[in-house]
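Peer 1: Residue numbering for the sequence shown is 167 to 1029, as defined by our numbering.
Ideal placement from N, C-alpha and C gives every residue a C-beta, glycine not left out.
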Amino acid sequence: MMRQKYTLFARINTAIDSVKPIRTTIQNAKSTLVNVNRWALISSVMLTSASATAVERPMIWLTPAEKVVVEQNIKQHDWANRRYLQLKERADAFAPTSLAARIANIEKLPLQWEKASGAIPAVIDQANIGVNHLRWPLQSSLQSAIDCGILYNFSAEQKYADCAADILYTVVQSLNNTPIGTAPVHLDNRGWIVSENHLLESRIYGAQIPLIYDFIYNYLKAGGQAYDVVQKKLVDFDFSAAQKVFKSYAQLALDSGLVNNNWPVLESSSLVHNALAIDDEKTRNYYLERYLTIDTPHQDSLAKVAKSYVNPGDIWPESLNYSMHVAYFSLYLMNLIDRLEPELQLGNKYPNIATALLTNEHLRYPNHHFPAFGDGNRSYKDNYLEFELAYKSAVLNNNQGLKAVFGNELKHAIATGNYDRAQLLPQHTKAKPYYAPLELLWAEADLGAGESTETFNAYTTVDIPFAGIFIQRNIHTADPVKNGLMATVGGGSYVHGHASGIDLELYGQGHVLGVEAGKGDYPSDVHQNYKRLFAGHNTVISNGASASKGGWIQLGINRVTKAFIEPQPRTSPVSDKYSFVTTNFHDEFNLVKEAFHQRTTALIRLSDDVGYYVDVFRAKSDTDKQFHDYLYRNLSDNLTVTSQNQPVKFTPDPNRYPKAIDVKWSHDRNFAHPGWHFLKDVQSSATSKAGFLATFSADQYKNGPVTMQSRIVAGLDLSVTKVKAPASKIEPAPYNKKPIPMFLLRHQGDVWDNPFALTYESYQGNEQPAIQSTERLMAGDLFKGIVVQAKVAGQQVTQYVLLQQGDKQTYLNEKLGIKFTGHFGVITLTNGKLTDLYIGQGQELSFQGKVLKTEQTAAYRKF
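#1: Alpha carbon to alpha carbon, how far is L506 from Q339? Give it in angstroms, no decimals.
#2: Determine the direct distance from the alpha carbon of T727 to that of I272, and round the result to whole angstroms.
#3: At the level of alpha carbons, what is the spacing between L529 and S489?
#4: Enumerate, from N- to C-terminal direction, the unbroken alpha helix (DSSP H) stretches of 4 or more residues contained entirely within the stretch 366-438.
#5: Tell me whether the beta-carbon of M874 lies closer than 9 Å to the beta-carbon of N800.
#6: Leaving out five residues before and five after P935 in sequence, what residues of the same chain have Cβ atoms less than 8 Å from its Cβ?
#7: My guess is that V807 and V886 are in contact by the Cβ rule of under 8 Å, so how many angstroms apart are they, rounded?
#8: At least one CB of chain C closer than 9 Å to the CB of K274: is that the case?
#9: According to DSSP, is K1019 part of a helix, a strand, or is it coil?
#10: Could you tell me the distance, in whole angstroms, from the CA atom of L995 to the CA atom of P871?
#11: Would you report the Cα separation of K825 and S485, rounded to the nearest angstrom?
#12: Go through the stretch 680-741 residue by residue and report every complete run of the beta strand (DSSP E) that reaches 3 residues or more, in order.
#13: Have a look at N920, K685, V221, M652 and flag the residue whose alpha-carbon is nearest the alpha-carbon of K448.
#14: Check the DSSP bridge columns for V872 and list the partner residues they point to.
#15: Looking at the strands, I want to know which residues DSSP matches up with S773.
#16: Hey, quick one: how far does the beta strand (DSSP E) through M490 stretch, first residue to last?
#17: Out of A609, I519, N533, Q720, which one is the CA nearest neighbour of D645?
#18: Contact check, I286 vs D394 under 8 Å by CB: the rounded distance?
#19: Three-state secondary structure (DSSP) at Y744?
#20: What distance in whole Å lies between the Cβ atoms of L805 and N704, which are believed to be in contact at a cut-off of 8 Å?
#21: Around the C-beta of Y696, are 16 or more other C-beta atoms found within 10 angstroms, so that it is buried, or is it exposed?
#22: Give the straight-line distance between the Cα atoms of A581 and E620, rounded to the nearest whole angstrom.
#23: Can you give me the start and stop residues for the beta strand (DSSP E) that K950 sits inside?
#24: According to the neighbour-count rule (16 or more other Cβ atoms, all chains shown, within 10 Å of its Cβ), is A856 buried or exposed?
#25: So, at 6 Å on beta carbons, what are the nonlocal neighbours of T627 in its own chain, with the 5 sequence-adjacent residues on each side left out?
#26: Can you grab the Cα-Cα spacing for the pair L606 / Y250, in whole Å?
#27: From S773 to V958, what does the alpha carbon distance come to, in whole angstroms?
#28: What is the DSSP secondary structure of H594, counted as helix, strand or coil?
#29: DSSP has Q962 in a bridge; who is on the other side?
#30: Between the Cα of A259 and those of P230, V235, A349, S307, spot the shortest distance and give me the residue it belongs to.
#31: Per DSSP, what are the beta-bridge partners of D645 in this structure?
#32: How long is the line joining the alpha carbons of H642 and K743, rounded to whole angstroms?
#33: Measuring alpha carbon to alpha carbon, tell me which of L968, V917, W429, S809 ends up nearest D947.
#34: Helix, strand or coil for K846 per DSSP?
#35: Provide the residue span of the beta strand (DSSP E) that contains Q589, from first to last.
#36: So, with DSSP's three-state summary, where would you put T525?
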């Protein structure tokens, strides 16, 4: 095994075994001891020997012992053989079989060929993004050279060695003739080939070059040559030039970019690969330490990254697109290192990085899409290599629990046809390292005994603590994709977060219908000054001035917090019919006067195929001229609004949502809050207390027309405004390119004692909505809930949805026979007879002498 020759990891284990965690406090003022983490002493232990120890190659992706296992898999398992043949097929497509083919491969590389004079010329500076004509040929060539290097190790065919050696030699020589810039660049993101974007370069170039070297090292050491197109002859490989490249890339990872976000993890594959390609032991150890345990001004260590995964279920605190990659790339590198030194057991030290993959699954809507919070996307292509890596980690670390979980995940995906284990991931031109061959090299043949079981545990409530988000779903139906309910509520401040306040997304009829604005191109005006601001979210804007301050790029807001919820996250509900969450938000940075918001969102199921949402939003601000706007947009083609069964008259109102005055937009620093100047075709109604019916009609879904109907409950002076909001490119076609219909409700004065109150119900095609009417329950000037009248399967259903500001107040309605002590509850009658009582938060609920009490905070009773 590697331990005898690759001494770094052996010394790490010695350090771990010899250092015990010490946790002490000052006692009797006699002594002061400092807490010591056992990792903190590694650096002094690792570097006790400066001798240069030869390493056995290849080793980064494939050791000699692993090669034997892969060859056995290819012979014994059809999926492995088919993956090998696919890898061979694409290597064959690139591997040269003539001198002319070798020259053609080399001359595709984006170098300054016109300046070639006796030596391989410098690379063309790619500066940043947007130069795909330069990027793709180099990215593809490096990936093909890796494939060739792998095939050479299995077949020893000369064409594969020529393919890999030519690309490696040319790129190494070119980089040695390309200076690394010293001028300051934005965000300290200084690169080499991509001079202003090491974050990109490290993934698409820096991580690949050392892999080629590792795979054909033995060939080159044995005298194998590469073709030099400038000298027009075969030449020996320049190992010293290669070592300079590896050291330079490793150092760039330490010198470039930002910390406390996803950047260090995205750059770490380049750091680790290049470190492992360095022949000098002391230098190699220096860089590996800085991946494993030592933080630097521009690079966070794995130990620091793992602090965001303290509890099972934790995910990286950024929008999902970045959060997913942090877990994926970290898990990959943990596997890489655990293979080389099993006793290190990074997988057991940081098991919650693997379990973060499972948390992501728990966030999905019934149609498999994801909540779109922050700069995240609506959907992500399933990546089963992540689960292969998680299973591999469990095997390497003998973690039987995780082995069973991820083995089952893989078997279930294979059994259901979602994962074809015989299909190898393709090469790509995306901004990520090339890992595809690992599906062959690292895949475990044995996924465990027994048949797979259903893997998805759809909790009623799931939270994302760092983002202040609470997800509730009701899939207690025979067809959860069509008839399931799910709401995503909340907001907070985090990297790639948005200034949203208490945001809301709603699901219905197989689609996420009530959506936020999504994301645009990061530098664009619409992304910076609309999609990332309050107006880009289904929230409330107070005084026309809800805003952010501080935090990540000045988009800091207070985190949305839970006031009351049932069920608690990842626990069972008291009823399959009801759930709710009440959240609070302090609009502290409001540009006029701070405001306070509270939102209650409830999911109510009426039957197997019918359900609806209740949304109640309170807001107040201590200013005489306070006003509050409730925002809601819904993917659709058309929005109609009626009141008392008559169309509402709208008149053009182009000045209703002006651009923020005295604000000069500064990229990623200063924004035009609240962002509603991007709303178009603005039309407003007169103020009315009569209530409104808003109907969103979507006619272009593949499963037929879909309608979302919102009843805006009467009893509060409101004006309604219809607008067209900018399209959201993250949504499914065709609605990713269509303006989004949206309404805004404005009330002059506070909406705390008597809040905005709405219901939302979706239906499909020729179906009819169940809800027939709504009205407010009031006790004097205090809102106490909503009366909902619905018709379900020919039966008349009456529901009293009760809501009070706290959970100790008592509401008494002698006329209806209602008494409720608590915060949230529901009384349901069918054809005039009591069906059930539900307490979501409270102590006692009674209706006409029928009583439900609880010593807990929630209860349910059928009658």
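Peer 2: Answer, in terms of the structure:
#1: 30 Å
#2: 58 Å
#3: Rounded to whole angstroms, the separation of the alpha carbons of S489 and L529 is 13 Å.
#4: Qualifying alpha helix (DSSP H) stretches, in chain order: 375-387, 405-421.
#5: yes
#6: T873, Q875, E927, Y929
#7: 6 Å
#8: This model lacks chain C altogether; it includes just one protein chain.
#9: Residue state for K1019 is assigned as strand, using DSSP reduced to three classes.
#10: Spanning the two alpha carbons is a distance of roughly 31 Å.
#11: 27 Å
#12: Within the stretch 680-741, the beta strand (DSSP E) runs of at least 3 residues that lie entirely inside it are, in chain order, 706-708, 727-732.
#13: V221
#14: A864, Q930
#15: Looking at the DSSP assignment, S773 forms a beta bridge with V776.
#16: Premise fails: M490 lies in the alpha helix (DSSP H), 486-506, not in any beta strand (DSSP E).
#17: Comparing Cα-Cα distances from D645 to each of A609, I519, N533, Q720, the minimum goes to N533.
#18: 7 Å
#19: strand
#20: That belief does not hold up - the Cβ atoms of N704 and L805 are roughly 14 Å apart, past 8 Å.
#21: buried
#22: 10 Å
#23: That run of the beta strand (DSSP E) goes 948-958.
#24: The residue is exposed, with fewer than 16 neighbouring Cβ atoms inside 10 Å.
#25: Q638, P733, P735
#26: 7 Å
#27: 7 Å
#28: coil
#29: K957
#30: S307
#31: Per DSSP, none; premise fails for D645.
#32: Taking the straight line joining both Cα atoms gives about 8 Å.
#33: V917
#34: Residue state, collapsed to three classes: strand.
#35: It is not in any beta strand (DSSP E) - Q589 carries neither H nor E in the DSSP assignment.
#36: helix
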